[in-house]
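Heads up, the thing below is written out as structure tokens.
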């Protein structure tokens, strides 16, 4: 088996695959020094062997960002295959048939979302010798914790009860979890910008966003502030009215004029943000790390707990931009939110060492915020 195969389903996943390849270098692999003990199974090839398969999503904003990221990857010299994996009836069977050969031939498989049902199904078809997981948001933290604890893979914002669909797919998820765990003849690497503890037998490699810094910027600064949106309302975690109220308060407190929308935010919610908070809503054409690095960007960037409070300080290192994270008060959560949501979001904010923390001064008053 030779070569490396990456499956990506979001723009951020594709960006982090490019970061992984950059971290590995583009030239021939250097000769290994003699080892005093038997070495693990080698990972042959160079990043030039990498083939990237885009398992295309259906929502227009994600597709547009992925098209642009795919072109950046091609400009770097990588082969990118666009797979309409969700294009109606028969798409799944067609995808499995077309990817069967590359799957069997791949020595290393790179995935961006170990919780993806599509990726889990692909992983049940073969047993790669080497697996790399790159970031697709804060889910990497939950994946590492669940892998270390021997737990089943479930997204942090989902409730624990298994519905009919989850019960049907339980065997797939169980097998995929074993394929994503280290074992005899298989290594697992987590390539991340997030603070995770390496599960037993895995390797954690830092993603410092070196490719992003080398290719883009430094940006010009507007002198004002920008807000970064999240999909916490869309995933059923945070109440919409609380969220909109806090966005307005943050905009007034920090003199923000722009709101960078998350690709999953609904048009209705963004319309309310524009009207009620008076913000210019920006739908980025690329992941925010690239948009911010290219600029112009505010001298202060304020976000709710999300991956960007970890990644933006790395991407914007040396530019003078200050990143702040607004913590989520318990009163903002919906009754339908997972019991794990508050603790998980607090962990995302609390471990963002490169960001200042904005905390509610009074948990019952969402409009009173201060730097912590």
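Numbering (our numbering), first residue to last: 584 to 955. Glycine residues also receive a C-beta, built at the ideal position from the N, C-alpha and C atoms.
Measuring only the C-alpha atoms, how far is residue i from residue j?
i, j, result
"residue 702", "residue 696", "7 Å"
"residue 719", "residue 593", "8 Å"
"residue 876", "residue 927", "28 Å"
"residue 803", "residue 809", "14 Å"
"residue 734", "residue 724", "13 Å"
"residue 908", "residue 852", "21 Å"
"residue 833", "residue 648", "27 Å"
"residue 789", "residue 644", "29 Å"
"residue 603", "residue 737", "25 Å"
"residue 940", "residue 904", "15 Å"
"residue 637", "residue 704", "15 Å"
"residue 871", "residue 688", "34 Å"
"residue 869", "residue 660", "19 Å"
"residue 698", "residue 721", "12 Å"
"residue 653", "residue 715", "20 Å"
"residue 806", "residue 840", "11 Å"
"residue 942", "residue 836", "13 Å"
"residue 606", "residue 791", "9 Å"
"residue 681", "residue 674", "10 Å"
"residue 906", "residue 914", "24 Å"
"residue 786", "residue 586", "20 Å"
"residue 891", "residue 672", "36 Å"
"residue 651", "residue 796", "18 Å"
"residue 633", "residue 713", "13 Å"
"residue 929", "residue 938", "14 Å"
"residue 911", "residue 896", "20 Å"
"residue 794", "residue 782", "27 Å"
"residue 899", "residue 798", "12 Å"
According to DSSP, which residues form a beta bridge with residue i?
i, result
"residue 766", "769"
"residue 666", "638"
"residue 905", "883"
"residue 916", "821"
"residue 786", "772"
"residue 843", "811, 865"
"residue 694", "590, 716"
"residue 704", "Paired residue(s): none; residue 704 is not in a bridge."
Classify residue i: buried if its beta carbon has 16 or more other beta carbons within 10 angstroms, exposed otherwise.
i, result
"residue 639", "buried"
"residue 684", "exposed"
"residue 780", "exposed"
"residue 776", "buried"
"residue 767", "exposed"
"residue 784", "exposed"
"residue 590", "buried"
"residue 611", "Reliability of the predicted coordinates at residue 611 is poor, the pLDDT of 32 falling under 50, and the value obtained from them is presented with this limitation in mind. Its Cβ having fewer than 16 others within 10 Å, residue 611 is exposed."
Can the beta-carbon of residue i be found closer than 8 Å to that of residue j?
i, j, result
"residue 656", "residue 597", "yes"
"residue 641", "residue 677", "no"
"residue 588", "residue 686", "yes"
"residue 830", "residue 857", "no"
"residue 960", "residue 600", "With the chain represented from 584 up to 955, any question about residue 960 goes unanswered, as that position is not in the structure."
"residue 893", "residue 844", "no"
"residue 827", "residue 846", "no"
"residue 679", "residue 763", "no"
"residue 694", "residue 774", "no"
"residue 883", "residue 801", "no"
"residue 710", "residue 769", "yes"
Does any CB atom of chain C fall closer than 8 Å to the CB of residue i?
i, result
"residue 888", "The chain inventory of the structure shown lacks chain C, comprising one protein chain alone."
- [ ] Inspect the CB distances between the stretch 721-741 and the stretch 665-678 and report whether three or more fall short of 8 Å.
- [x] Here the stretch 721-741 makes no contact with the stretch 665-678; the two share fewer than three CB pairs at distances below 8 Å.
Task: the stretch 881-889 touching the stretch 808-816, judged by at least three CB pairs closer than 8 Å - done: Contact between the stretch 881-889 and the stretch 808-816 is present, with at least three C-beta pairs closer than 8 Å.
- [ ] Evaluate the contact criterion for the stretch 910-930 versus the stretch 815-829: three or more CB pairs, one atom per stretch, below 8 Å.
- [x] A contact exists between the stretch 910-930 and the stretch 815-829.
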